[in-house]
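Peer 1: The structure that follows is given in the form of structure tokens.
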């Protein structure tokens, strides 16, 4: 219908056919765009927008930018080696007077405290003090109030936080910091995140591997059974899939408890109880269970498309059962394996609730710390930098995966 | 057919934008109150929410949290604060006030400022209860020779079994130092030095493999009840209520960490007048004295203390016998060092 309507019928007009065709095509393109637009808007509003905002939060000095303008100007020519001159102190005093009035001194103090532990109380008390002072000299008053004001390290932190952008959150997300002579490693007792990333990828990798080991034979069984039996078996696979993630995690929590049914059974048979809850073992077990259908289903649908005659042909040409499977059948399932494993791996990277409920403190993944910095410490910058770093690492891995496996070879069925 | 699809697409697009157009406005006068959930919120429901709703005909919507003011900041940044009244602990009351998350209170709308216990009538927060962090044990496990001092929490030889602690450095570092022999008065002086912090973590190291970490106030009594741990740190009222429900738990008051909870009104709240009216109701001595009936926390209004049932008094953290070795947490210290110590705590947990 569409083709008949839009194709030019008369050739007598002096408008070239090409232009007419382009016009007709434009209308169709607009209509097609109208169909895609809702999804496009949805993605932009709910996904891309927040993502860009998140990245901005991780590089901006939201708490301090614009509130320390005078200090920033006064420190512009400062070399960072010695205590700055009276002018810088006076500028900071003026900025703090304004901040105290606008109730922003607390936020400034908190921001500086990220980079210089202990600065918070010093800032708050000096901010209260300067509001009672009409004139200087400020330097003496500051240093007399607390000798920390004579520490160039504090002033470097102030200078770093007074600009519009900061590298602090990103550096901190990979356990680095800005020292006197450029970027350096954070001290061991302040280094958490590299370990957390390593753990996140290790857990996601293990879960992917286990779902593949368990899912592949099941997918094969499902694909080769007659439909009536396969459908019944499929329900067993799908049933947990239809249950809420939280419900399944809570079920594992109950099962794995020291006084739970599994341990009661172990106690009855072996006369001992095992540590399963709040452990890495419990986390991987629960996550593998939850992720199993995600790995299994793509493999299954690819297997369904492989004609049984291929293996029969291989067998009749003299291949052994293993050879026929390995050389003829298995290579054809690789696109499904690739799709299923990638799906599970990337979903596993973002796990939060399962490790939080059944894992111990050593099993918490990146999302836990994102939530921790968001909710408990109220340090949105750090939370954003952690999330963004995870995104970057995941994209690099995806790129490498694409180079190795080839994303176009991936098949969901 | 093309047309219907196009129209369908447009309707969908309008629908999607409509989703973000705004949250429906609240009914007039309704209040949203956020508190710490579990037995504590239950006690507030009976003492304040229900009587207030009945008397004033105001609908109260309850929300629960674990002290995460991050949500409040996100709401404030988005200019849509949906909470009207929040119950916060003192650390959050001070930090939230400094960071401009909480509104400065007008005491003329609440009551006489001098009638509140010293330290509970703050710029942005008015005290509602005194609570404390104690440790409790399962008396079914330890029948004789029961734990009685803080040292016993750290003594896994004499009292084997798992224990649960709050998953924060706050409070734990203090206990670790005291258990290691630091006099209570010198705890924060010691924690100010790097050696002092090392010492606290070293002491925690000795029980680390036996510790399960809790995050929400409702967890400790559950962990004790289902046998996951044999002793746990907890907020005293939570254990008190479990005992009332028939659990055989016992509280050890030695070096209890004493603290307050406050009512606050967030900056940008939609129903400030209603919030003041509720806080005034909840701070009325007669109403305030009711809460102790439902949970073992003590009132902050001087006139309410006299109205508390004397039978309940020994279960409250303010009872003289319970206060003998009590320590007050130094909020200034934690405001300065929480970020760094938390990072170190997390690094230590991951080791």
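Protein chains in written order, with our numbering: chain A, 30 to 442; chain B, 358 to 708. Every residue gets a Cβ at the ideal spot worked out from N, C-alpha and C, and that includes glycine. In this text, all values refer to a predicted model and were calculated from it rather than measured experimentally.
In whole angstroms, give me the CA-to-CA distance for residue 680/B and residue 615/B.
Peer 2: Locating residue 680/B in the second chain gives position 323, counting from the first residue. Locating residue 615/B in the second chain gives position 258, counting from the first residue. Straight-line Cα distance between these residues: approximately 9 Å.
Peer 1: Quick one: using the 10 Å Cβ neighbour count with 16 as the cut-off for buried, is residue 502/B buried or exposed?
Peer 2: One-based indexing of the second chain puts residue 502/B at position 145. Residue 502/B should be labelled exposed.
Peer 1: Name the DSSP beta bridge partners of residue 592/B, please?
Peer 2: Mapped onto the second chain, residue 592/B falls at position 235. Answer by DSSP bridge pairing, in chain order: 490/B.
Peer 1: Which bits of chain A does residue 707/B rub up against, with CB to CB less than 9 Å?
Peer 2: Walking along the second chain from the start, residue 707/B turns up at place 350. Within 9 Å Cβ-Cβ: 221, 224, 225, 228, 390, 391, 393.
Peer 1: Would you please verify whether the beta carbon of residue 5/A is less than 9 Å from any beta carbon of chain B?
Peer 2: Outside the shown range of chain A, which is 30 to 442, sits residue 5/A, and nothing can be said about it.
Peer 1: Could you please give the first and the last residue of the uninterrupted beta strand (DSSP E) stretch that includes residue 613/B?
Peer 2: Here residue 613/B corresponds to residue number 256 of the second chain, with the count starting at 1. From DSSP, the beta strand (DSSP E) with residue 613/B extends over 606 to 621.
Peer 1: In the DSSP assignment, the beta strand (DSSP E) including residue 579/B goes from what residue to what residue?
Peer 2: Counted from its first residue, the second chain places residue 579/B at position 222. Not the beta strand (DSSP E): residue 579/B falls in the alpha helix (DSSP H), residues 576 to 582.
Peer 1: When DSSP labels each residue in this structure, what does residue 396/A get in the three-state scheme?
Peer 2: Here residue 396/A is taken as the residue at index 367 of the first chain, counted from 1. Helix at residue 396/A.
Peer 1: Could you compute how far the alpha carbon of residue 677/B sits from the alpha carbon of residue 406/A?
Peer 2: Here residue 677/B refers to the residue found at position 320 when the second chain is read from its first residue. Here residue 406/A refers to the residue found at position 377 when the first chain is read from its first residue. Taking the straight line joining both Cα atoms gives about 35 Å.
Peer 1: Residue 430/B versus chain A: which residues are under 8 Å apart at the beta carbon?
Peer 2: Working through the second chain from its first residue, we reach residue 430/B at position 73. Result: 407, 409.
Peer 1: Could you spell out where the alpha helix (DSSP H) holding residue 259/A opens and where it closes?
Peer 2: Start at 1 with the first residue of the first chain, and residue 259/A comes out as number 230. 256 to 270 is the span of the alpha helix (DSSP H), which, as asked, contains residue 259/A.
Peer 1: Per DSSP, which one or two residues make a beta bridge with residue 425/A?
Peer 2: As a working note, residue 425/A is residue 396 in the first chain. Residue 425/A pairs with nothing; no bridge assigned.
Peer 1: If you check the beta carbons only, do residue 90/A and residue 182/A fall under 9 Å apart?
Peer 2: If you number the first chain from 1, residue 90/A lands on position 61. If you number the first chain from 1, residue 182/A lands on position 153. Not closer than 9 Å, so no.
Peer 1: Return the CA-CA distance between residue 382/B and residue 414/B, expressed in angstroms with no decimal places.
Peer 2: Counted from its first residue, the second chain places residue 382/B at position 25. Counted from its first residue, the second chain places residue 414/B at position 57. Reliability of the predicted coordinates at residue 382/B is poor, the pLDDT of 44 falling under 50, and no value is obtained from them.
Peer 1: Leaving out five residues on either side along the sequence, give the residues of the same chain with a beta carbon under 8 Å from the beta carbon of residue 352/A.
Peer 2: Counted from its first residue, the first chain places residue 352/A at position 323. Result list for residue 352/A: 343, in chain order.
Peer 1: If I measure Cβ to Cβ from residue 600/B and keep anything under 7 Å in the same chain, skipping five residues before and after, which residues do I get?
Peer 2: Walking along the second chain from the start, residue 600/B turns up at place 243. Contacts found: 606.
Peer 1: Quick one: is residue 456/A buried, meaning 16 or more other Cβ sit within 10 Å of its Cβ, or exposed?
Peer 2: What is shown of chain A runs 30 to 442, which leaves residue 456/A out entirely.
Peer 1: Identify whether residue 380/B lies in helix, strand or coil by the three-state DSSP scheme.
Peer 2: Here residue 380/B refers to the residue found at position 23 of the second chain. Model confidence at residue 380/B stands at a pLDDT of 46, short of 50, so the residue's coordinates are unreliable; what they give is reported in the following sentence. If DSSP states are grouped into helix, strand and coil, residue 380/B belongs with coil.
Peer 1: Residue 455/B versus chain A: which residues are under 9 Å apart at the beta carbon?
Peer 2: As a working mapping, residue 455/B is identified with position 98 in the second chain. Correct list: 132, 134, 135, 136, 138, 139, 149, 153.
Peer 1: Does residue 163/A pass the burial test, meaning 16 or more other C-beta atoms within 10 Å, or should it be called exposed?
Peer 2: If you number the first chain from 1, residue 163/A lands on position 134. By the 10 Å Cβ count, residue 163/A comes out exposed.
Peer 1: Beta-carbon of residue 426/B versus every beta-carbon of chain A: anything under 9 Å?
Peer 2: As a working note, residue 426/B is residue 69 in the second chain. Yes, its Cβ sits closer than 9 Å to a Cβ of chain A.
Peer 1: What in chain A is Cβ-close to residue 570/B, meaning under 9 Å?
Peer 2: Against the second chain, residue 570/B aligns to sequence position 213. 307, 389, 390, listed in chain order.
Peer 1: Compare the C-beta of residue 404/A with all C-beta atoms of chain B and state if any pair is closer than 9 Å.
Peer 2: On the first chain, position 375 is the one that residue 404/A refers to. For residue 404/A, the answer is yes, since a Cβ of chain B falls inside 9 Å of its Cβ.
Peer 1: Do you know offhand how far residue 437/A's Cα is from residue 333/A's?
Peer 2: Your numbering for residue 437/A matches position 408 in the first chain. Your numbering for residue 333/A matches position 304 in the first chain. Straight-line Cα distance between these residues: approximately 19 Å.
Peer 1: Got a sec? Which residues, its chain only, sit under 8 Å from residue 428/A by beta carbon, not counting five neighbours each side?
Peer 2: Working through the first chain from its first residue, we reach residue 428/A at position 399. So the list is empty, once near-sequence residues are dropped.
Peer 1: Tell me whether the beta-carbon of residue 347/B lies closer than 9 Å to the beta-carbon of residue 482/B.
Peer 2: Given a span of 358 to 708 for chain B in the structure shown, any question on residue 347/B remains unanswerable.
Peer 1: Less than 6 Å between C-beta atoms, sequence neighbours within five positions excluded: which residues of the same chain meet that for residue 683/B?
Peer 2: As a first step, residue 683/B is located in the second chain; it is residue number 326 there, counting from the start. The residues are 613, 615.
Peer 1: Chain A partners of residue 584/B, CB-CB under 9 Å?
Peer 2: As a first step, residue 584/B must be located in the second chain, where it is residue number 227. Here the neighbours are 286, 287, 288.
Peer 1: Does the distance between the C-beta of residue 360/A and the nearest non-hydrogen atom of the ligand MG fall short of 8 Å?
Peer 2: In the structure on display, the ligand MG does not appear, and there are no ligands present to speak of.
Peer 1: Can you grab the Cα-Cα spacing for the pair residue 305/A / residue 484/B, in whole Å?
Peer 2: Here the question's residue 305/A lines up with position 276 in the first chain. Here the question's residue 484/B lines up with position 127 in the second chain. For residue 305/A and residue 484/B, the distance between alpha carbons rounds to 42 Å.
Peer 1: Once you ignore the five residues that flank residue 136/A on each side, which residues in its own chain have a CB closer than 7 Å to its CB?
Peer 2: In the first chain, the residue the question calls residue 136/A occupies position 107. 92.
Peer 1: Please look up how many angstroms separate the CB atoms of residue 320/A and residue 373/A, rounded, as I've assumed it's under 8 Å.
Peer 2: The count along the first chain starts at 1 and reaches residue 320/A at position 291. The count along the first chain starts at 1 and reaches residue 373/A at position 344. At roughly 5 Å, the Cβ-Cβ gap stays under 8 Å, so residue 320/A and residue 373/A are in contact.
Peer 1: Does the beta-carbon distance from residue 442/B to residue 426/B come in below 9 Å?
Peer 2: Stepping through the second chain from its first residue, residue 442/B is reached at position 85. Stepping through the second chain from its first residue, residue 426/B is reached at position 69. Not closer than 9 Å, so no.
Peer 1: Going by DSSP, what residues sit across from residue 89/A in a beta bridge?
Peer 2: Sequence index remark: in the first chain, residue 89/A carries index 60 (1-based). Paired residue(s): 194/A.
Peer 1: Do we get a CB-CB distance below 9 Å when we pair residue 146/A with the residues of chain B?
Peer 2: For the purposes of this step, residue 146/A is taken as the residue at position 117 of the first chain. At least one chain B Cβ lies under 9 Å of residue 146/A.
Peer 1: Reducing DSSP to helix, strand and coil, say where residue 414/B ends up.
Peer 2: By 1-based counting over the second chain, the position of residue 414/B is 57. Coil, per DSSP.
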